[in-house]
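Down below is the structure, laid out as structure tokens.
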Amino acid sequence: MEDILAKINSVAVQKFGAEYSETRAQKLYKTMLTLKEGRVEAAKQGIENGVAVRVLVKGAWGFASVGSIDANVLMTAVSSACKMAKNASSRLKTPIKLAETKIVEDRVQMKPKKKPSTILMEDKINTALEINKAVLGYDKRVKGCTIDYLDLTGTSYFSSSEGILIEQDKLYVWSRITSTAASKGVFTFSREEIGSTAGYEVFDTAPEAIGEKVAKRAIKQLGAKSPKGGRSQVVLGPNVVGVFVHEAFGHLAEADLALAGGILQNNFGKKIGSDLVTFYDDGTVDGAFGSFKYDDEGVPTQKTLLIKDGVVTGLMHNRETAQKFNAEPTGNARAENFRVEPIIRMRNTYMAPRDHSLEELTEGISSGYYFKSFRGGQANLDGTFQVGIQEGYEIVNGEIGAPVRNASISGSTLETLFKVDAVGKDFELWPGRCGKGQTAFICDGGPHIRVKEVIVGGSA
Amino acid sequence: MAVLEEDQMLSLAENAVKEALKKGAAEAEAYVYEGQATNVGIERGQITKTNTIIDRGLGVRVIVDKAVGFAYTNIIEGQKAIEDTITGALSAARASKPDQDWNGLPEKRPYVTAEKTYDPRILEFRSEGLVDIASSMLDAAVSVNKRVFPIEGGAGAAYLASSIANSNGVIGFDRGTIMECSLAAVAKEGNMVTPVCFEFNAGRACDVNPVWVGKEAVRLAVSALKTKRIKTITTNLILTQFALQELLHFTLMNAVKADNVQRNQSPLQGKLDEKIASENITIYDDGLMASGLRTWAFDGEGTPHQKTTLIEKGILRNFLYDNYAAKKEEKESTGNASRAGYLSTPSIEATNCHIMPGNKTSDQLMNEVDDGLIIYYLQGAHSSNPVSGEFSVVATPAWKIRNGKIAHATRGVMLAGNIFEVLKNVSAIADNERQIGPLVAPWILVENVRVIGK
Chain A
3 MEDILAKINS VAVQKFGAEY SETRAQKLYK TMLTLKEGRV EAAKQGIENG
53 VAVRVLVKGA WGFASVGSID ANVLMTAVSS ACKMAKNASS RLKTPIKLAE
103 TKIVEDRVQM KPKKKPSTIL MEDKINTALE INKAVLGYDK RVKGCTIDYL
153 DLTGTSYFSS SEGILIEQDK LYVWSRITST AASKGVFTFS REEIGSTAGY
203 EVFDTAPEAI GEKVAKRAIK QLGAKSPKGG RSQVVLGPNV VGVFVHEAFG
253 HLAEADLALA GGILQNNFGK KIGSDLVTFY DDGTVDGAFG SFKYDDEGVP
303 TQKTLLIKDG VVTGLMHNRE TAQKFNAEPT GNARAENFRV EPIIRMRNTY
353 MAPRDHSLEE LTEGISSGYY FKSFRGGQAN LDGTFQVGIQ EGYEIVNGEI
403 GAPVRNASIS GSTLETLFKV DAVGKDFELW PGRCGKGQTA FICDGGPHIR
453 VKEVIVGGSA
Chain B
4 MAVLEEDQML SLAENAVKEA LKKGAAEAEA YVYEGQATNV GIERGQITKT
54 NTIIDRGLGV RVIVDKAVGF AYTNIIEGQK AIEDTITGAL SAARASKPDQ
104 DWNGLPEKRP YVTAEKTYDP RILEFRSEGL VDIASSMLDA AVSVNKRVFP
154 IEGGAGAAYL ASSIANSNGV IGFDRGTIME CSLAAVAKEG NMVTPVCFEF
204 NAGRACDVNP VWVGKEAVRL AVSALKTKRI KTITTNLILT QFALQELLHF
254 TLMNAVKADN VQRNQSPLQG KLDEKIASEN ITIYDDGLMA SGLRTWAFDG
304 EGTPHQKTTL IEKGILRNFL YDNYAAKKEE KESTGNASRA GYLSTPSIEA
354 TNCHIMPGNK TSDQLMNEVD DGLIIYYLQG AHSSNPVSGE FSVVATPAWK
404 IRNGKIAHAT RGVMLAGNIF EVLKNVSAIA DNERQIGPLV APWILVENVR
454 VIGK
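Residue numbers (the working numbering), protein chains in the order written: chain A, 3 to 462; chain B, 4 to 457.
Have a look at this one:
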């Protein structure tokens, strides 16, 4: 495999005049399940093998992907990638250049306690059935339970014309459990996800616990009321803080979006949040869903400090944006698979904890909300963020009270980060999936925090 | 581009079905997919990249003792890869549990040819042509206004084909083409930057209008400058197609899927032939609409596409079915089984969801609004409650309307409500329909929506 990839790169450089060439190959194997109310809709498995070639010719990118590792097919692919890049370069004003990176040769092996490929399909189904039983058995008002399961194993190869050569094991285990409840015309929905790069051992914790958690939330929401729309003081739980960090700051700290006019473009080194705000994007957390050793440009991953005590200290880079900012590449270039180009993506993005207990965060609030668990979120370049809430409560006179349903929070990043006025001492990291044209497996998290003011989107 | 021929794709599917039956499947279905696409990409004001993708594969669904197994591969050269896939599907089925409600794969039904979905010129189209399209889009954008920065976009041409065969004698092949160009832009003034403003043009023929896209993206971005905050109020909204697509996709479209209805997770359960929307709302799911972006001869299970009335003058008439959900009610599938190429088993999705236009021009619709908002895009629609239809989203960009005219851009406006209330409060519909993804719709005017401002 390595020989073919190296040969493709040398053809790109020597025959087609590319200034840079990289090839990525993947041999992936997936197992999937979908269960609806305990009915196995289908047990599924699949093979995805393919190669991507990316070249830089006269400062423009050319990319070709094929579902084949046949040498002739790859020769055609590299030829068309180079020709297309040359065409694209015809109108280029600012040619693309890449920042330097270390030339490494490495073989990265995963050592899971339980390899997903050695677990029988029957056992995976039985685990899902146990979760299903816990969901449906929780309360007779629980009407539906959908469980999706995925494991992905295999090998990826990276080779570049500069001499980088990396072979990396791939391992992801993921499951999403959703539950619906209905009573007296009220419909509710609840979701949890499991995601890990460690191994199938992530399912060693009792399946009943997660099933009950999902069902309990759906039932609690049946009695919830709509929150009042408008500005409010809020306490956010780690699960919501993670998505808040991801949407309100993380995307804006992706260097491609900063260059595209995002609000961090002119705020590097400036204070944009309170002293309590410290964020990281960290690809090194053991077993976390967003961790890996090398990114899809062959750059080692790292723990990147994005904001320290409210001051912007770092952005997430690929080699192209690092060159523009005169910075080091941070190992954030990720491609969902061989079909697509690597782009700047988050890894495990989180807020650093401080020193408050949850009680201390809520005690001074006469009227506000406690938002514990999220459902979706989205960022915009102008710094408007939105985070949907699947589990929230009123705070009245410092006490967490009645549940509220279907809220979301929004605000402007540059205003809201200054309004973070107390940060908890706890810490949780949650797996998730992020969409930016491609899907990336990520984590986000942090401690509980208190925010002086956000806009709550409620219909009351 | 060199593509697989019809007979190659058909025989691959037919042989996989035969082989699966021979190896012990009670029933079998094979789906073969090919997609080839070429794109030219714009980043930060210039054309910087090109890509080409060839993606082919085979997905095999087998049934053994009423248990369903599925396997796919993207390696379709050579008999071994095919046989391994079939063996994989069989072993998955054997490891799985029987489904007592399984009532068999679809039966053979005649196909109607999908109209205006294939343009052979797209197969011959080269990246030079796409560079020209992207360039004229960029030139049009930059010539309009210097405060605008085109951040992302491009032009692309794609060929898609699929074949299907099953053990009930279903056999089909269809192919189609898509060409599109798009541009996302922001406008900047001092320290202010607008939200992302996006425009695109897509169709099935080798023909797009990049100059219009470039100018329109810029027009939107410039008009999103100079925002003012508005008060929290219950008011009237004009929803343009982008906003409508986002909102409906995560709410109403879940509620009309028959499997959700059967599984007690749709508020529309038991409401057939009841009034669920304003009288001026009529919606079809039309998988055969000429030149529609989701128009094909058949769905992901080989069931013919058709035109299904979902809502007629406000009255709920039908749900969307695939084969499994239809057989559960002893009905016929409406041809709404959708697949992610060869990678997935079928699930229910809309084809072209067509909201019938009214007879007012967009100007006349604006003129009906004394005080309200016009909303282009929504942020966070995917966080809506997929079961109840409740939403809480940001409208960005959105503009204040006063006396039928746009008064100013707004900032940070949130909307909260329930889609079924929104549908009841639609008071007028314009005639300016266009297709955004699966939705073909005009602008609509909705009364009494809760808007959260400063």
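We put the beta carbon where it would ideally sit given N, CA and C, even for glycine. Please read all numbers here as calculations on a predicted model, not as lab measurements.
Does the beta carbon of residue i sit closer than 8 Å to a beta carbon anywhere in chain B?
| i | result |
| --- | --- |
| Arg377 (chain A) | yes |
| Met77 (chain A) | no |
| Trp176 (chain A) | no |
| Glu256 (chain A) | no |
| Ser158 (chain A) | no |
| Phe189 (chain A) | yes |
| Ile488 (chain A) | Here chain A has residues from 3 to 462 only, and residue 488 (chain A) is not among them. |
| Asn408 (chain A) | yes |
| Ala226 (chain A) | no |
| Lys145 (chain A) | yes |
| Val243 (chain A) | no |
| Gly370 (chain A) | no |
| Trp63 (chain A) | yes |
| Arg26 (chain A) | no |
Can residue i be considered in contact with the ligand PLP, in the sense that its beta carbon sits closer than 7 Å to one or more heavy atoms?
| i | result |
| --- | --- |
| Val151 (chain B) | This structure simply doesn't include the ligand PLP, nor any ligand for that matter. |
For residue i, decide whether its Cβ has a neighbour in chain A, counting only Cβ atoms nearer than 8 Å.
| i | result |
| --- | --- |
| Ala117 (chain B) | no |
| Thr197 (chain B) | yes |
| Gln49 (chain B) | yes |
| Gln39 (chain B) | no |
| Ser99 (chain B) | yes |
| Ala419 (chain B) | yes |
| Glu22 (chain B) | no |
| Ile167 (chain B) | no |
| Thr348 (chain B) | yes |
| Val216 (chain B) | no |
| Gly303 (chain B) | no |
Just curious, the alpha helix (DSSP H) that residue i is in, first and last residue?
| i | result |
| --- | --- |
| Gly244 (chain A) | 240-246 |
| Pro433 (chain A) | It is not in any alpha helix (DSSP H) - Pro433 (chain A) instead sits in the beta strand (DSSP E) that spans 430-438. |
| Asp357 (chain A) | Careful: Asp357 (chain A) lies outside any alpha helix (DSSP H) and carries neither H nor E. |
| Gln16 (chain A) | 4-16 |
| Met318 (chain A) | First-last for Met318 (chain A): undefined, no H or E at that position. |
Just grab the DSSP bridge partners of residue i for me.
| i | result |
| --- | --- |
| Asp284 (chain A) | A:Lys305, A:Asn350 |
| Thr155 (chain A) | A:Tyr31, A:Leu173 |
| Arg437 (chain B) | B:Ala444 |
| Arg56 (chain A) | A:Glu24, A:Phe65 |
| Tyr371 (chain A) | A:Val236, A:Glu396 |
| Ser161 (chain A) | A:Thr25, A:Leu167 |
| Asp150 (chain A) | A:Thr36, A:Arg178 |
| Phe376 (chain A) | A:Ile391 |
| Gln47 (chain A) | A:Thr33, B:Ala74 |
| Ala36 (chain B) | Sequence inspection shows Tyr at residue 36 (chain B); the Ala mentioned does not correspond to that position. DSSP, once it has assigned bridges, lists B:Gly60, B:Ser165 as partnering Tyr36 (chain B). |
| Met195 (chain B) | B:Glu192 |
| Leu319 (chain B) | B:Ile314 |
| Phe201 (chain B) | B:Ala187 |
| Leu255 (chain B) | Paired residues: none, contrary to the question. |
| Cys445 (chain A) | A:Asn350, A:Pro433 |
Can you tell me where the beta strand (DSSP E) holding residue i begins and where it ends?
| i | result |
| --- | --- |
| Glu315 (chain B) | 310-315 |
| Cys184 (chain B) | 174-192 |
| His411 (chain B) | 408-413 |
Just checking, does the region 337-345 of chain B make contact with the region 55-64 of chain B on the three C-beta pairs under 8 Å criterion? yes
Is it the case that the region 41-50 of chain A contacts the region 86-93 of chain A, given that we only count it when at least three CB pairs across the two stretches are under 8 Å? no
Check whether the region 342-350 of chain A touches the region 253-266 of chain A, counting contact only when three or more Cβ pairs, one atom from each stretch, lie closer than 8 Å. yes
Do three or more CB pairs link the region 169-176 of chain A to the region 137-157 of chain A at distances below 8 Å? yes
Check whether the region 158-167 of chain A touches the region 390-397 of chain A, counting contact only when three or more Cβ pairs, one atom from each stretch, lie closer than 8 Å. no
Scan the region 325-399 of chain B and note each continuous alpha helix (DSSP H) run of 4 residues or more that stays entirely inside, going in chain order. 326-331, 365-370
What residue ranges within the region 47-103 of chain B form continuous alpha helix (DSSP H) runs of no fewer than 4 residues, ordered along the chain? Runs found: 82-98.
Spell out a yes or no on whether the region 208-218 of chain A and the region 370-381 of chain A are touching, meaning 3 or more CB-CB pairs, one atom from each, closer than 8 Å. no
I want to know whether the region 217-231 of chain B touches the region 164-179 of chain B - three or more CB-CB distances under 8 Å. No, the region 217-231 of chain B does not touch the region 164-179 of chain B.
Could you say if the region 113-124 of chain B and the region 41-60 of chain B meet the contact criterion of at least three C-beta pairs nearer than 8 Å? Judged by Cβ distances under 8 Å, the region 113-124 of chain B makes no contact with the region 41-60 of chain B, as fewer than three pairs qualify.
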